[in-house]
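J.: Residue numbers (the working numbering), protein chains in the order written: chain E, 1 to 267; chain S, 268 to 570.
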Amino acid sequence: MSETALPAAARPRKPRPRLGSYVLVVGLACFTVFAARQIDFRWSSFVDMWTNPLWGRFWPVPWDWVLNRRNVFDALIETFQIAIISTIVGCSLALPIGFAMSKLTSPNAPTFWFTRIVMNIVRAIPDLLWGKLLVTAIGIGAFAGTWALTIFSLAVMVKLFSETVDAADPLPLEAARAAGGRHTPAVRTAVLPEVFPAYVAYALYVFELNIRASLVLGLVGAGGIGRIVETQRSTFNFDRLLGILIIMFVIVVIIEQFSVAIRKRLV
Amino acid sequence: MTDTAVELPNDAEQPASRPEPPPGARNWRLGIALVLVVAGVWSWTGLDATLQDVLEAPGKALDIVKEMWPPAFKAVIDRGAVGKIFESLYVAWIGTMIGAIISFPLSFLGANNVAPVALRVPIRLLFNAIRAVPELIVAMLLITVVGLGPWAGALAIGLHSVGTLGKLSTEVIETSDEGPLEAISAAGGNWVEKMRWGMVPQVLPTVVGYWLFRFEINVRASAVLGLIGAGGIGGELVSQLNFRNFPEVGAVLLMVITMVLVIDTISGFARRRIIAGSGRKIDDDETSRTVGLIGDLGGSGLT
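#1: Which of the three DSSP states, helix, strand or coil, is assigned to R69/E?
#2: Determine the direct distance from the alpha carbon of G139/E to that of N512/S, and round the result to whole angstroms.
#3: I'd like the span of the alpha helix (DSSP H) that includes I228/E, first residue to last.
#4: Does the beta carbon of A518/S come closer than 7 Å to any beta carbon on chain E?
#5: With H, G and I counted as helix, E and B as strand and the rest as coil, what does DSSP make of K327/S?
#6: Listing by chain order, which chain S residues have their CB less than 9 Å from the CB of L154/E?
#7: Reducing DSSP to helix, strand and coil, say where V388/S ends up.
#8: Look up K132/E in the DSSP assignment and say whether it is helix, strand or coil.
#9: Are I255/E and I225/E closer than 7 Å when you measure CB to CB?
#10: Are the beta-carbon atoms belonging to A222/E and A137/E less than 7 Å from one another?
#11: Mind the definition here: the stretch 343 to 357 of chain S touches the stretch 484 to 501 of chain S only if three or more C-beta pairs lie below 8 Å; say whether that holds.
#12: Within 7 Å of any Cβ in chain S, is that where the Cβ of Q257/E sits?
#13: Taking S92/E as the reference, which of V156/E, N120/E, A190/E, E194/E has the closest Cα?
#14: Using beta-carbon positions only, say whether S86/E and S153/E come within less than 7 Å of one another.
#15: Measure from the alpha carbon of L329/S to the alpha carbon of each residue in I524/S, G416/S, G517/S, S534/S, then state which is nearest.
#16: Relative to the C-alpha of S436/S, which candidate in I369/S, T525/S, L403/S has its C-alpha closest?
#17: Is it true that the CB of V491/S sits closer than 7 Å to the CB of P126/E?
#18: Among G414/S, S428/S, N379/S, which one has its Cα closest to the Cα of V439/S?
#19: Quick check on I254/E - is its C-beta less than 7 Å from some C-beta in chain S?
#20: Could you tell me the alpha carbon to alpha carbon distance between R346/S and R37/E, rounded to whole angstroms?
#21: Say whether chain E places a C-beta atom closer than 7 Å to the C-beta of G535/S.
#22: Rounded to the nearest angstrom, what separates V523/S and E483/S at their Cα positions?
#23: L448/S lies in the alpha helix (DSSP H); which residues open and close that run?
#24: Once the 5 residues before and after V135/E are set aside, which same chain residues still bring their CB inside 7 Å of it?
#25: If you check the beta carbons only, do L314/S and A142/E fall under 7 Å apart?
#26: Let me know the secondary structure DSSP gives T105/E once reduced to three states.
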């Protein structure tokens, strides 16, 4: 039977897509066209982007102004300080709250739901909106920016961390409880060692996010290098602006390489 | 060996002492703790804030939250806030589409298992360079070209997404199975055919999952872009905050939160459906998959 040659290798017929797939594709295409029209989509911009006469004013970069300590460097230090302190505070708070947000290690149902709902709402407000809100609430400056990033990095961190805890092995915890451990010591000895490397990796990732965010926080008045960017833009000193952007670019690349290298060793 | 076995019963009366951690580990821990403390203190001195400021800040924030209640939905809806919310969605969607359409073909040329060095090095550099510039900065520069409005925002989000989506798609391609490609080579297929029939079917579900994930991120980004006049709901929030109309601010904030949570839910459902398929039930793997998806996002910007 199997040795009879098949006639001219008939290809198996392709299963027809379901009607629902057609509807979905056509629907999404229509939505895309509609959305594009709503926001004045213009093909010409893809060309204008490169031939804008303004680009000429971005060059040459006045490096002696950019590298002058008072002009850029101080604000850059402030950026780092905002990112460092908000990462330390946000990530420290995230450890207990992250445990409370995981089904595995939550002390009780009300804590679980309360932290989960609050943190989801906090995370739904982007970092810069937190910046703008806190600038209005407690005044312009790095202090408001630090609060904003602390709150936001806490919310991001607990999401990542609690999902790792969810996926942790439940058996050591069971053993610790069977041996009579109370809740906190049981979690600390049975779950924490397993998830701690991931926690450190996420903390580094959050630090990276915070550096990126703190570079632009100044645009809403929350301190850091963004403040200088905003002044130079509003006074049309595009050449200085480019210099600052290059410095920001280098910092982001260095920090990312550094953090990726450490994270690779951790996980 | 035998000694410990004999001694065990005697020891059992007292709680077994914990094994000492290796001496090197303790030094490491102390060192890292010291670095963190020094960095924290140094950062604190730069903030120019007293302890009193810290203690007062939550109270001040709470006062503002109190003023936001009850939210003045009617006033902001009369000013067209619902339209602005949808504008933010359109900006995010078009931005994601631009990013997806440009990054998808490029990511094949950037993957180290299917592209020659001469192509993949410049393309990876391009992805990394784009990723390093914040969306807000891109938008700020583009406003000088295309003018204020949502199109500048969509274009900025699109350009930034090319970098992030490109990096992620490249990684998906690099971890794919070589078998199908070999089979197509053996059957005489050329490079394009290998990609079309051997690679695209393998990577498409994961890549589309990343597109949706990026869409979720872009919805948040588009809500921010209004701060600098690039369209969407952010502009409304800023003008209400500047006039300190807190009930209106509360209403806009609630609308932003609702938008983000609704999009997250729909997109999360679609992502799971794409990866798990229609037949299977979503099982316990769901959480670890989400972690995988997010954990992989190294540096792509969860915000």
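All residues carry an ideal CB built from backbone N, CA and C; glycine is no exception.
Since the model is a prediction, treat every value here as computed from it, not as a measurement.
T.: Result, derived from the coordinates:
#1: Helix.
#2: Distance between the alpha carbons of N512/S and G139/E: 16 Å.
#3: Per DSSP, I228/E belongs to the alpha helix (DSSP H) from 225 to 234.
#4: Chain E, which has no Cβ nearer than 7 Å to the Cβ of A518/S, makes this no.
#5: Collapsing the DSSP output to three states places K327/S in a helix.
#6: Correct list: empty, because the minimum Cβ distance to chain S is about 13 Å.
#7: Look at V388/S here: in three-state DSSP terms it is helix.
#8: Reduced to three states, the DSSP call for K132/E is helix.
#9: No, the Cβ-Cβ distance between I255/E and I225/E is not below 7 Å.
#10: Cβ atoms of A222/E and A137/E: not closer than 7 Å.
#11: The stretch 343 to 357 of chain S and the stretch 484 to 501 of chain S touch, with no fewer than 3 CB-CB distances between them shorter than 8 Å.
#12: Nearest CB-CB separation between Q257/E and chain S: not below the 7 Å threshold.
#13: Cα-wise, what sits closest to S92/E is V156/E.
#14: Their beta carbons are under 7 Å apart, which means S86/E touches S153/E by this criterion.
#15: Of the listed residues, the one whose Cα sits closest to L329/S is G517/S.
#16: Closest option to S436/S, Cα to Cα, is I369/S.
#17: A contact, by the Cβ cut-off of 7 Å.
#18: From the listed residues G414/S, S428/S, N379/S, the smallest Cα separation to V439/S is found for N379/S.
#19: The beta-carbon of I254/E is placed no less than 7 Å from the nearest beta-carbon of chain S.
#20: A direct Cα-to-Cα measurement between R346/S and R37/E gives close to 21 Å.
#21: Using a Cβ-Cβ cut-off of 7 Å, G535/S does not count as an interface residue toward chain E, since no Cβ of chain E sits closer than that to its own.
#22: Going by C-alpha positions, V523/S is about 13 Å away from E483/S.
#23: In this chain, the alpha helix (DSSP H) harbouring L448/S covers 446 to 453.
#24: Within its own chain, the residues whose Cβ lies closer than 7 Å to the Cβ of V135/E, once the five positions on either side in sequence are excluded, are A144, V220, G221, A222, listed in chain order.
#25: Yes, the Cβ-Cβ distance between L314/S and A142/E is below 7 Å.
#26: Reduced to three states, the DSSP call for T105/E is coil.
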